[in-house]
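J.:
Chains as they are written, first to last, in this note's numbering: chain A, 45 to 140; chain B, 52 to 181; chain C, -2 to 115.
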C-alpha cells in the first residue's frame, strides 16, 4: 500500500500506526519536515522495518530543506518518481 | 496506467491543487492517461471563473482550463458541493443570479456518478486534500 | 465490481465534508461496487448513540448510518484498538458493526482496489 501523507503531527502518526510490511510512505507538502533529523527523537527517527519512506524533493526544495539535514533512511523522488510509486503500489491512501 | 484524480481542497489556501497539477503533468509526460479530475468539497473553488490572482502569481484556475484544452483531461465539478458553495451552473445562475455561470472554461458540473464512473474506469484514483 | 474502502478517522460532525464523504460511499454502493466503511482513530466517535446536533441546526448523520443496509452497505468495520483508546464498546454504537484488530483490518485493506479517507 502507498500512503501519501501531506501533514506531519497526528496525520503522520495515524498513518504510522497502521503501516505494515511492504508499505511505502511518501511525504509531501508540509509532511517533508518530518524527515528532518531533529535534536529530540521523532516519529521517523528510526527506520520502520519493511516500510520505505520517501520525501518529495520539490517540496523539500521549496522549503529549503537540505537532504543532509534529514534522516539517512529517507529516500527521495521527484514528481516522475511520485508517478512511479503510484504505478508500483496499490491501493493508494491519501492522508491529509 | 489510467488515473483519476480527486481534489478536495480550495486553491491557494492549501497546496493540494498544486501538488495534483504537478503530479498530473508528470503522469502525462510519462505516457499515462489522466482520465478525469473531480473537484469535491471546497475543491470546487478551483473552477471559480472570477478568480483573479496577482499578475506575478500562478493562475490555478486558468491552469486547469489549459490542462483540459491541451490534453483533453475531463474536469468535473460536483454539483451538490458547488451549489452549496455558490458556484452555480449556467441554467441555475441565470435563474437565480442573473449571470451567465460561475465556472471557468473547460469545467463541467455533474453529480457523484461521474466520480464513481471515473473510479471504476481507472487503475488508480488519487485524492489530494487539505 | 471493485472493492472500495471508505475510512473515517476523524469526527464526521461540524464539517460538511463528513456528510459529503458518506455521500460518496452511498454513490459507490449505488454503482454496485463493494463498499467497506471503516471507522478508526477519532472516527469511532461518529458511531455513538445519543447524538443531538439538531439544536445547533447541524446535520444529523445517524439516519445515514441507519440507512446503510438499504444501500447494501453491510460491511462496517471498527478498529478494536481505537475503541479501546476512546473507551467505547459496541453496545454504545448506533449501528451494529464488525470490530476487528488493526492487523486484521489491514489485511483486508491491502486487497482493496481504491481507498478513500476522511
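For glycine and all other residues, C-beta sits at the position ideal for the given N, C-alpha and C.
Please read these numbers as outputs of a predicted model, since none were measured by experiment.
Does residue 114(C) have its Cβ less than 9 angstroms from a Cβ in chain A?
T.: Chain A contact via Cβ: present.
J.: Do we get a CB-CB distance below 9 angstroms when we pair residue 54(C) with the residues of chain B?
T.: Cβ-Cβ to chain B under 9 angstroms: no for residue 54(C).
J.: Please report the straight-line C-alpha distance between residue 46(A) and residue 86(C), rounded to a whole angstrom.
T.: Roughly 31 angstroms between the two C-alpha positions.
J.: By the criterion of Cβ-Cβ separation under 8 angstroms, what are the contact partners of residue 31(C) in chain B?
T.: Correct list: empty, because the minimum Cβ distance to chain B is about 12 angstroms.
J.: Check the Cβ of residue 139(A) against every Cβ in chain C and list those closer than 9 angstroms, keeping chain order.
T.: 6, 114, listed in chain order.
J.: Does residue 29(C) come out as helix, strand or coil in the three-state DSSP assignment?
T.: Here residue 29(C) sits in coil by DSSP.
J.: Counting only beta-carbon atoms, is residue 92(B) nearer than 9 angstroms to chain C?
T.: Answer yes: the Cβ-Cβ gap between residue 92(B) and chain C drops below 9 angstroms somewhere.
J.: Taking 8 angstroms as the cut-off, does the segment 106 to 118 of chain A touch the segment 126 to 143 of chain B (at least 3 CB pairs, one atom from each stretch)?
T.: The segment 126 to 143 of chain B, when compared against the segment 106 to 118 of chain A, does not touch it at the 8 angstroms Cβ threshold.
J.: Which one or two residues does DSSP pair with residue 119(A) in a beta bridge?
T.: According to DSSP, residue 119(A) bridges with 98(A).
J.: Among the candidates 84(A), 99(A), 61(A), 81(A), whose CA atom is the shortest distance from the CA of residue 72(A)?
T.: Comparing Cα-Cα distances from residue 72(A) to each of 84(A), 99(A), 61(A), 81(A), the minimum goes to 99(A).
J.: I want to verify the contact list: residues of chain B whose CB lies under 8 angstroms from the CB of residue 124(A), in sequence order.
T.: Result: 77, 80, 81.
J.: Consult DSSP for residue 51(A) and reduce its assignment to one of helix, strand or coil.
T.: Reduced to three states, the DSSP call for residue 51(A) is coil.
J.: Can you give the beta carbon distance from residue 97(B) to residue 180(B), rounded, assuming they're within the 8 angstroms contact cut?
T.: Actually they are not in contact, since the Cβ atoms of residue 97(B) and residue 180(B) sit about 13 angstroms apart, beyond 8 angstroms.
J.: Straight-line CA distance for residue 127(A) to residue 109(C)?
T.: Their backbone Cα atoms lie some 20 angstroms apart in a straight line.
J.: For a minimum of 3 consecutive residues, which ranges assigned as the beta strand (DSSP E) are wholly contained in the segment 70 to 114 of chain B?
T.: Fully enclosed beta strand (DSSP E) runs of 3 or longer: 84 to 90.
J.: Taking CB distances under 9 angstroms as the criterion, tell me whether residue 95(C) reaches chain A.
T.: So no, residue 95(C) is outside the interface.
J.: Would you list, in chain order, the members of the segment 61 to 74 of chain B that have their beta-carbon closer than 8 angstroms to a beta-carbon of chain A?
T.: Hits within the stretch, in order: 66, 67, 70, 73, 74.
J.: Going by C-alpha to C-alpha distance, which of 116(B), 65(B), 107(B), 174(B) sits closest to residue 155(B)?
T.: Minimum Cα distance to residue 155(B) is reached at 116(B).
J.: On the DSSP bridge list, what partners appear for residue 160(B)?
T.: Looking at the DSSP assignment, residue 160(B) forms a beta bridge with 128(B).
J.: Residue 107(C): beta carbon under 8 angstroms from a heavy atom of the ligand FMN?
T.: Absence of the ligand FMN from the depicted structure is noted, as is the absence of any ligand whatsoever, leaving it without description.
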